[in-house]
Every structure is written in structure tokens, then in C-alpha cells.
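Peer 1: Here you go, one structure.
Number of protein chains: 2
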Amino acid sequence: MKREGILFVISAPSGAGKTTLCKEVIDILPNLRHSVSYTTRKPRPGEVHGRDYFFVAAEEFRQMVEDGEFAEWAEVHGNLYGTAVRTLEGYRANGVDVILDIDCQGARQLKERYRGGVFIFILPPSFAELHRRLDSRNSDSAEVIQRRLDNAAGEIRESRWYDFIIVNDLFTKAVEELKAVLVAERCRASRVLETVGELFEI
Amino acid sequence: MKREGILFVISAPSGAGKTTLCKEVIDILPNLRHSVSYTTRKPRPGEVHGRDYFFVAAEEFRQMVEDGEFAEWAEVHGNLYGTAVRTLEGYRANGVDVILDIDCQGARQLKERYRGGVFIFILPPSFAELHRRLDSRNSDSAEVIQRRLDNAAGEIRESRWYDFIIVNDLFTKAVEELKAVLVAERCRASRVLETVGELFEI
């Protein structure tokens, strides 16, 4: 029997490194996909429509909200972000595990909707290091960076209700830890019994 | 702030490979120790008193039970096994994680006593393979092997209430999975916040 795909929801303040971490574990682990979100923000250099995000106009996004097409959506730093129900359900029904790289507001909506979801928060090692990373990204204005920093403290307090917290100090260690959480959740008894229970008459 | 050590409790039917698996992860992971149990069974070739078990007489064991020195104890296949409270508390207070390699009866006692314990069950890939492994061990009589097999079905049904189940089909994969569970549990939000919460005022 094939089990249902697991939803892994990953949040972090901007600059904590979640996008890079997610890409890395998707490269390493089989049967794991990135759920591509919709957004109204402008693409950054190198970002590809349909791979990193579906970049859409605000009007189109609003229409999708009205039509109930989103499992979660939120406004973050003045832009809209959302995950389509269709995307998630398609993976889950096929037993494919999905990583969602979304903010705390969206994560909260999914926490209520999907009981079996696994919620992971990525922390920077310190506020000072977060500032340094945002500066070195060179893609945002000083004003945007300041706004992200102001928001970070509030976002970090949200980490309390997540299942796991990974401190992204040393990148290779953070990758190992994120991978461990994903592999461990696949070994959760309720999930393993879905597939091998019958064999042992459990 | 130093967090309390985690209790990892591992059970499996004889022959599922739990002793070897535990040794392997203890070699790989830092800050992890094997909790040495007391037993009244005779040492197998190669087993060392104080490393594999504390081998004691039945009378001494009974006295320890009476004195409340055991966090758990059980009779398994006609022998007595127990974990001393002193052993566990010593590690926990020092922030050292401990692996206990014990049977389901003992595990149940710990489940009630230690809320934060992590319970892991190792399954053989099949009953046929379990039989093959017990045969090849060459240390037990045919009668003992049959008794172990008879008990296995009942023990395996206990896996339902464990937190994680690892199927020991391919040894290297099982090691990876057991290691993942241990690393992931160290990343559990409640535990990480014990150490980094203050830094971020969470």
C-alpha cells in the first residue's frame, strides 16, 4: 500500500537561508518535491517562472483567492504569496513528499488544514549574522533590508509552535539536520504501519 | 543553558539487529551513550561485564527491585533485565543523550515515567528473514530460537504505540534512519528553545 505524501512546511526570517537549504535536501533525497508558490513580487535575478515561483499579477492572484484555489496565502513585505490546493493534493495523492517554503502566516493556515504536516523553522545563529547575510545578498535596497530585519524578531517568536527548529550556523550541519528531520518523519510509526502493517498483521 | 539529556528507547524482536544498530549510531554521533542494563542471563561469547550488561545473580537483581533501584525491569525469555534509575538520571542531568536497548515491557514502564522519551521500534523485513538471522547467530539452541520466534509476533504488534519504526532490511539504510531519528529529535523545537530561546528572546 502506498502512503500519502508528507507535507513539510519550512519557515524562516528572510536571510536565514531556507531557500538554499530546501534546494539542497531536494537534490539529496528521493521522492521529495518543492511546492512552487504563486507570488505577486518581481522575480530576482536568476529566478525562473514555474520553477522558483509562478509570478502573477495582483489581479490574477486576487481572483484565485476568490475562487478558493489557495491552501494558504499571505501578504509578506507588501507582496502576495500563495500555495495552490491543486499542487499539494496532486503530490500527496501520489505519495510524493512536498516541501513548502512559506512564511509563518501561511504556515499557520496549513497547520489547521493538514494535521499530519511537519513544521520546521530555520533560525539564523544571531540577529547580527542575519543582518550581515541580508546585506551581502545585494538584491534588496537598504529600506527593504531594514523592513526584513524589523519583521525578523516577530517571525522568530513564531518558532515556538513549530515542530522542529534548525539553527543555520554551519550550512553543512543545517543540511544534515534538515535531512534528518525529513528522513525521521518518514519513519514515524503511523506512516510506516500504513505500508508494512499488513505484512506483520499489526 | 544546557538541555536535559534525551532518552531514546529502542525495542525489537530478537534477531532484528537492534544491538548492532545501536552500537553503530553510538560510534557515529557525539554526546550519545548506551545505557548498560542489569541482567541475570549468562554472558554470550564476547560480551563484557559493565560494557554490554551488568551480569548479576537473580538474588541480587531481586534485591535491587525491592530497593526501587530500577527505572524499568522485566522478565524476558526466562531472564531478568533492568535499567537502574541512577544510570539514567546521571546522563540526563549532564545533558548526555542515552540509548536504551530494552524489550517492550520495560519500554512501556519508561513511557509512563519519562514523558519526553523517544520510542523507536526496529522491525525485521519479514518473519522468514528473522528466522534466518536467529539461525545464523549460532549462539542459541533450537529450543531458544523457537521461543524467540513465538514471542516475535506479539512483540511486533507492540510497535503500534512506538513513535518511530525502522525496518532493518538494508543495514546501512537502517543506520541512516536511526541516526536521522536521533538527530531530528535533537532539533525538536521544545529542546532547541531550551538552549537558544534566550538568545532570541523567544
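Those sequence lines, one after another, are chains A and B. The numbering of the first sequence is our numbering, which starts it at 1 and goes up by one. The numbering of the second sequence is our numbering, which starts it at 203 and goes up by one. Glycine included, every Cβ here is placed at the ideal spot set by N, Cα and C.
1. Does residue 90 of chain A come out as helix, strand or coil in the three-state DSSP assignment?
2. Run through chain A and tell me which residues come within less than 9 Å of residue 358 of chain B, C-beta to C-beta.
3. When the Cα atoms are used, what is the spatial distance from residue 404 of chain B to residue 389 of chain B?
4. Secondary structure at residue 281 of chain B, three-state DSSP: helix, strand or coil?
5. Under a three-way DSSP split, which group does residue 40 of chain A fall into?
6. Can you give the beta carbon distance from residue 286 of chain B to residue 271 of chain B, rounded, assuming they're within the 8 Å contact cut?
7. Got a sec, what are the start and stop residues for the alpha helix (DSSP H) residue 392 of chain B sits in?
8. Taking any Cβ of chain B, which residues in the segment 166-181 of chain A have a Cβ under 9 Å from it, in chain order?
9. With a threshold of 8 Å between beta-carbons, can residue 361 of chain B be considered close to chain A, or not?
10. For residue 341 of chain B, which residues in chain C fall below 9 Å Cβ to Cβ?
11. Compute the beta-carbon to beta-carbon distance between residue 124 of chain A and residue 15 of chain A, rounded to the nearest angstrom, for a pair I have assumed lies under 8 Å.
12. Closer than 7 Å by C-beta to residue 379 of chain B: which residues in its own chain qualify, once you throw out the five before and the five after it? Chain order, please.
13. Have a look at residue 28 of chain A and residue 21 of chain A and give me their C-alpha separation to the nearest angstrom.
14. Taking the DSSP output, what are the residues bridged to residue 213 of chain B?
15. Residue ranges of each alpha helix (DSSP H) run of no fewer than 4 residues wholly in the segment 322-366 of chain B, ordered along the chain?
16. Cβ atoms of residue 96 of chain A and residue 8 of chain A: under 8 Å apart, would you say?
17. Can you tell me the Cβ-Cβ gap for residue 11 of chain A and residue 81 of chain A, rounded? I've got them flagged as a contact below 8 Å.
18. Out of A:122, A:169, A:64, A:134, state which residue places its alpha-carbon closest to the alpha-carbon of residue 160 of chain A.
19. Please indicate yes or no: does the CB of residue 263 of chain B lie closer than 7 Å to some heavy atom of the ligand MN?
20. Suppose the cutoff is 7 Å on Cβ atoms and the five residues either side in sequence are ignored; what does the same chain contact list for residue 74 of chain A look like?
21. What residues from the segment 324-353 of chain B come within 8 Å of chain A, judged by C-beta to C-beta, listed N to C?
22. Give the secondary structure of residue 235 of chain B by DSSP, where H, G and I count as helix, E and B as strand, and everything else as coil.
23. Please report how far the alpha carbon of residue 245 of chain B lies from the alpha carbon of residue 399 of chain B, in whole angstroms.
24. On the DSSP bridge assignment, give the partners of residue 378 of chain B in chain order.
25. With residue 293 of chain B and residue 207 of chain B assumed to form a contact (beta carbons below 8 Å), what rounded beta-carbon distance in angstroms separates them?
26. Taking its Cβ as the centre, do 16 or more other Cβ atoms sit within 10 Å of residue 63 of chain A, making it buried, or is it exposed?
27. Taking residue 256 of chain B and residue 242 of chain B to be in contact with their CB atoms under 8 Å, please state how far apart those CB atoms are, rounded to whole angstroms.
28. Tell me the DSSP secondary structure of residue 257 of chain B in three-state form.
29. Identify the residues that DSSP records as bridge partners of residue 230 of chain B: which are they?
Peer 2: From the atom records:
1. helix
2. 200, 201, 202
3. 16 Å
4. strand
5. coil
6. 6 Å
7. Judged by DSSP secondary structure, residue 392 of chain B falls within the alpha helix (DSSP H) whose first and last residues are 391-398.
8. 166, 167, 176, 177, 178, 179, 180, 181
9. yes
10. Protein chains A and B are contained in the structure displayed, whereas chain C is not.
11. Confirmed, about 7 Å.
12. Within its own chain, the residues whose Cβ lies closer than 7 Å to the Cβ of residue 379 of chain B, once the five positions on either side in sequence are excluded, are 368, listed in chain order.
13. 11 Å
14. B:323
15. 329-339, 344-359
16. no
17. Wrong, their Cβ atoms sit about 12 Å apart, outside the cutoff.
18. When each option's Cα is compared against that of residue 160 of chain A, the closest is A:122.
19. Ligands in the displayed structure: none, and consequently the ligand MN is not present.
20. 81, 103, 105, 106
21. 325, 328, 329
22. strand
23. 46 Å
24. The partner list for residue 378 of chain B (beta bridge, DSSP) is empty, contrary to what the question assumes.
25. Indeed, because the Cβ distance is near 5 Å, the residues count as touching under 8 Å.
26. Sixteen is the threshold: since fewer than 16 other Cβ atoms of the shown chains lie within 10 Å of the Cβ of residue 63 of chain A, the residue is exposed.
27. 10 Å between Cβ atoms; not a contact.
28. Residue 257 of chain B falls in the strand class under three-state DSSP.
29. Answer by DSSP bridge pairing: none, since residue 230 of chain B is not bridged.
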